[in-house]
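**Student:** Residue numbers (numbering that gives the first Met the number 0), protein chains in the order written: chain A, 0 to 161; chain B, 0 to 455. No residue lacks a Cβ here, since even glycine has one placed at the ideal position from N, Cα and C. Keep in mind it's a predicted model, so treat the numbers as computed, not measured.
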Amino acid sequence: MKAKDLMIPLHECLTPEMPLVQAAHLLKTAKRGEEIVGVKGLPVLDQSGKMIGFLSIGDILKAVFPSYMSLMNLGDFTWDGMVEDFAKKAACKHVSDVMTTDIITVPDEAPLMECVDHMLKSNVKRLPVIDKTGKVVGMLYERDVFYEITRAMDKGAEGVCR
Amino acid sequence: MTTETVTAAQPFVMDTAFWTATVIFLLAYAVIISEKIHKTIIAIFGAGLMLVLKILEQHEAFHLEEFGIDWNVIFLLISMMVIINLMRPTGVFEYIAIKSAKLGKGEPFRIMAIFAVVTAVLSALLDNVTTVLLITPVTLLIADALDVDPVPYLLSCAFASNIGGTATLIGDPPNIMIASKAQLNFMDFIYHLAPVVIVMMVVYIIVIKLIWGKKLVTRDELKQRIMNMNENDAIKDPVMLTKSLVVLGIVLTGFIFHGVLHFQPATVALFGAGLLLLLSKTHEPHHILAEVEWPTIFFFMGLFIIVGGVVKVGLIKWMSLQILELTQGNMFATSMVIMWFSAFASAIVDNIPYVATMNPLIVDMARQLWPDLSGVQLLQHPDLMPVWWSLALGACLGGNGSAIGASANVIVVGMSEKAGKKISFMKFMAYGMPIMILTVFMATIYVWLRYYVLKI
């Protein structure tokens, strides 16, 4: 099994100038196959279709999290409505301001173990899959790798684990 | 070459070693000011050059007080950093900051004034960088809670830390270096610098009231956010907090009496750090020690060696003779020249390399003036004391002059930018330079009145 066999083809993508509010809606309404289920992250492509970053739900949480909060233990001293206030301020930020630029991708021909290697070592749950020209062609999700592992386990366990 | 006047006093030769060391020194300072390469890397490389080119022998750099690393400064800094790193997770600093904000009852200016005083006091007891690292995040939180512009609070915090740090031996690195060089003790600094710093703080509060007092307004429901905070929630480890406070108490008492007990300040601090590490029962000292600001420590070590090189070849002696010639040996004029020059120099250059250079220069000047004296009698000659205090006041207060004048300023500006509020170099200077001039002017009056008129 290779990355391209398990990946979900890419329907939507983000652009760097897109306002965060629009990007967040796109994440919410993104399709997975035929269904609108929403996704936890999408690649950010420039005009030539080259991937320049990745925006996940975690990045959006970081966008409303003031930088000073990470420097000291201030969680006890926040107030009701704080996240909402910061969300209003963050709505007009650009995707490029908050996206992750240090991204790990896998080639579409990569064996599954290479993908698992990235997922475990870099602690990511989604991997953009790129073709030979460097274009993003799909996303490989941890969940789909897990399904593949269960299928393999089922086969292996037949008549063995008694 | 104008070597005649120099050689007349005490001979030295402007030979190859002299020029090599001078070029290394000047280049290192130029690159430090330009910020093209990290200052620590330049300091280490410059020190390496001084050794490899045999300007200094390794033995001189590592083991001689006159030319080498001042281990008293290094161990005092490391030990205080270890103590603070152990105290930080207890939540005591969050507690102090939240408690201060509540004391201000949510009134924006009252909070600003209380924060300024707390910052000044903490800066006098800890170093300035640590203080602003602990105060700035809470300041930003409070400004968000009150929906007011955080920039005045951040600027005020930086200014107060530089003023407050001037008051004690451990408050600001220049003072640590001066104390070690002149063998001054903790109480000397309290006795000679704290009184004027207290007056400066009073004036400072009035000044910030005039600048920002009317501009900072908030709504009553937002003040309630502050009053709803419970500072007791901050305390995460009461047992460790108790231990930390006991050790801090021992260390501060040790500082107060170190002169009488004939301990160096570093001895007191190292004992405190060791004791608190022991009491913390940590099995992993690795992360506590890793959090020591090693780049700063190595910056100091490198600088000591670079300056040691130019001391050895006679550049510093040449510079001290120029100052003496300029002031004609008049000690009041010398104090004033040093204070004002230090203030402007510290606004442009990091005050650490500046004081590292000035220290041996002043010692050399003293040797020219009183060739028969040595040791403490020379270093603490009654006529020399106001010069040391002028250096301390100028170098510490000069830090307020620009955004790069003190490490505390750099941190405040950096944090502000991260929070989306950029403080430009000019904006910092628009407030910082007048405050620097005002405080140095007060220091001028103080030194003149106390040491040259009242002579107390």
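Report the residue from B:A265, B:L437, B:R224, B:A157 whose alpha carbon sits nearest the alpha carbon of S78 of chain B.
**Tutor:** Cα-wise, what sits closest to S78 of chain B is B:A265.
**Student:** Are the stretch 379-395 of chain B and the stretch 433-452 of chain B touching, with three or more C-beta to C-beta distances below 8 Å?
**Tutor:** Verdict: yes, contact present.
**Student:** From I113 of chain B to K98 of chain B, what does the alpha carbon distance come to, in whole angstroms?
**Tutor:** Those two C-alpha atoms are separated by around 10 Å.
**Student:** Tell me which same chain residues have a C-beta within less than 6 Å of the C-beta of E230 of chain B, skipping the five on either side of it?
**Tutor:** The residues are Y94, I97, K98.
**Student:** Between F64 of chain A and chain B, is any beta-carbon pair separated by less than 7 Å?
**Tutor:** Closer than 7 Å: no.
**Student:** In the DSSP assignment, find the unbroken alpha helix (DSSP H) run with G248 of chain B in it and report its ends.
**Tutor:** That run of the alpha helix (DSSP H) goes 237-260.
**Student:** Spatial neighbours of L275 of chain B within its chain, please: CB distance less than 6 Å, with the 5 preceding and 5 following residues excluded, ordered by chain position.
**Tutor:** Once the five neighbours on either side are set aside, the close Cβ partners of L275 of chain B are I82, L85, V246.
**Student:** Taking the straight line between their C-alpha atoms, what separation do you get for S406 of chain B and L119 of chain A?
**Tutor:** One C-alpha to the other measures close to 39 Å.
**Student:** Among residues of its own chain, excluding the 5 on either side of A402 of chain B, which ones have a beta-carbon nearer than 6 Å to its beta-carbon?
**Tutor:** Cβ within range, chain order: N408, V412, F424, F427.
**Student:** How far does the alpha helix (DSSP H) with L41 of chain A in it reach, from first residue to last?
**Tutor:** First-last for L41 of chain A: 40-44, but that is the beta strand (DSSP E), not the alpha helix (DSSP H).
**Student:** Using a Cβ-Cβ cutoff of less than 6 Å, which residues in the same chain neighbour Y450 of chain B once the five nearest sequence positions on both sides are dropped?
**Tutor:** Here the set comprises P385.
**Student:** According to a CB-to-CB cut-off of less than 9 Å, which residues of the stretch 48-63 of chain A neighbour chain B?
**Tutor:** For the stretch 48-63 of chain A, which is checked against every Cβ of chain B, not one residue is closer than 9 Å.
**Student:** Strictly under 7 Å for the Cβ-Cβ distance: is D75 of chain A near chain B by that measure?
**Tutor:** So, interface residue.
**Student:** If I measure Cβ to Cβ from M0 of chain B and keep anything under 8 Å in the same chain, skipping five residues before and after, which residues do I get?
**Tutor:** Reliability fails at M0 of chain B, whose pLDDT of 38 lies under 50, so the model's placement of it is uncertain and no value is given.
**Student:** Mind listing the chain A neighbours of G90 of chain B? Cutoff is C-beta to C-beta under 7 Å, in chain order.
**Tutor:** Here the neighbours are N72.
**Student:** If the cut-off is 8 Å on Cβ atoms, which residues from the stretch 224-250 of chain B count as contacting chain A, listed in chain order?
**Tutor:** Here the close residues are R224, N227, M228, N229, D232, A233, K235.
**Student:** Leaving out five residues before and five after E157 of chain A in sequence, what residues of the same chain have Cβ atoms less than 6 Å from its Cβ?
**Tutor:** Nothing meets the Cβ criterion.
**Student:** Can you pull the chain A residues whose beta carbon is under 7 Å from the beta carbon of K417 of chain B, in chain order?
**Tutor:** Here the neighbours are S66.
**Student:** Mapping DSSP to helix, strand and coil, what is F110 of chain A?
**Tutor:** Note on residue identity: the sequence assigns Pro, not Phe, to residue 110 of chain A. Note: P110 of chain A maps to strand in three-state DSSP.
**Student:** Does F53 of chain A come out as helix, strand or coil in the three-state DSSP assignment?
**Tutor:** Strand at F53 of chain A.
**Student:** Give me the chain A residues within the contact set of A402 of chain B, using Cβ-Cβ distance strictly less than 8 Å, ordered along the chain.
**Tutor:** Within chain A, no residue comes near A402 of chain B; the closest Cβ sits about 19 Å away, beyond 8 Å.
**Student:** Just to make sure I have the definition right: I need the residues of chain A whose C-beta is within less than 8 Å of the C-beta of E220 of chain B. Which are they?
**Tutor:** Per Cβ cutoff of 8 Å: no residues; E220 of chain B is ~10 Å from chain A at best.
**Student:** For T138 of chain B, I'd like the list of residues in its chain whose CB is within less than 7 Å of its CB, leaving aside the five on either flank, ordered along the chain.
**Tutor:** These residues qualify, in order along the chain: F114, P149, Y152, L153, C156.
**Student:** What distance in whole Å lies between the Cβ atoms of F297 of chain B and I43 of chain B, which are believed to be in contact at a cut-off of 8 Å?
**Tutor:** Right, their Cβ atoms sit about 6 Å apart.
**Student:** Suppose you measure from the CA of L55 of chain B to the CA of W70 of chain B; what does that come to, to the nearest Å?
**Tutor:** Whole-angstrom Cα-Cα distance: 17 Å.
**Student:** Is the stretch 68-76 of chain A close to the stretch 25-38 of chain A, with three or more CB pairs under 8 Å?
**Tutor:** No: the two stretches stay apart, fewer than three of their Cβ pairs being nearer than 8 Å.
**Student:** Taking the alpha carbon of V97 of chain A as the point to measure from, which residue in A:K124, A:P42, A:K154 has its own alpha carbon closest?
**Tutor:** Ranking the options by Cα distance to V97 of chain A, first place goes to A:P42.
**Student:** Are the C-beta atoms of L209 of chain B and some chain A residue less than 7 Å apart?
**Tutor:** No, L209 of chain B lies away from the interface with chain A (no Cβ there is under 7 Å from its Cβ).
**Student:** For chain A, check one thing: does any of its Cβ atoms lie closer than 7 Å to the Cβ of P136 of chain B?
**Tutor:** So, interface residue.
**Student:** Is the shortest distance between the beta-carbon of I97 of chain B and the beta-carbons of chain A less than 7 Å?
**Tutor:** Judged by the 7 Å Cβ criterion, I97 of chain B is in contact with chain A.
**Student:** Mind checking if E93 of chain B is an interface residue toward chain A, Cβ cutoff 7 Å exclusive?
**Tutor:** It does: the Cβ of E93 of chain B has a partner Cβ on chain A nearer than 7 Å.
**Student:** So what's P65 of chain A in DSSP terms, helix, strand or just coil?
**Tutor:** Three-state DSSP puts P65 of chain A in coil, outside helix and strand.
**Student:** Residues in its own chain within less than 8 Å of T99 of chain A by CB, not counting five upstream and five downstream?
**Tutor:** Counting only Cβ-Cβ distances below 8 Å, and skipping sequence neighbours, we find G52, F53, L54, S55, D58.
**Student:** Report the option in B:R87, B:K101, B:P136 whose CA atom is closest to the CA atom of I410 of chain B.
**Tutor:** When each option's Cα is compared against that of I410 of chain B, the closest is B:P136.
**Student:** Please list, in chain order, all residues of the same chain as V196 of chain B whose beta carbon is under 8 Å from its beta carbon, the five residues on each side excluded.
**Tutor:** Contacts found: A119, A123, I162, G163, T165, A166.
**Student:** Taking DSSP as the reference, what is the three-state secondary structure of I129 of chain A?
**Tutor:** Residue state, collapsed to three classes: strand.
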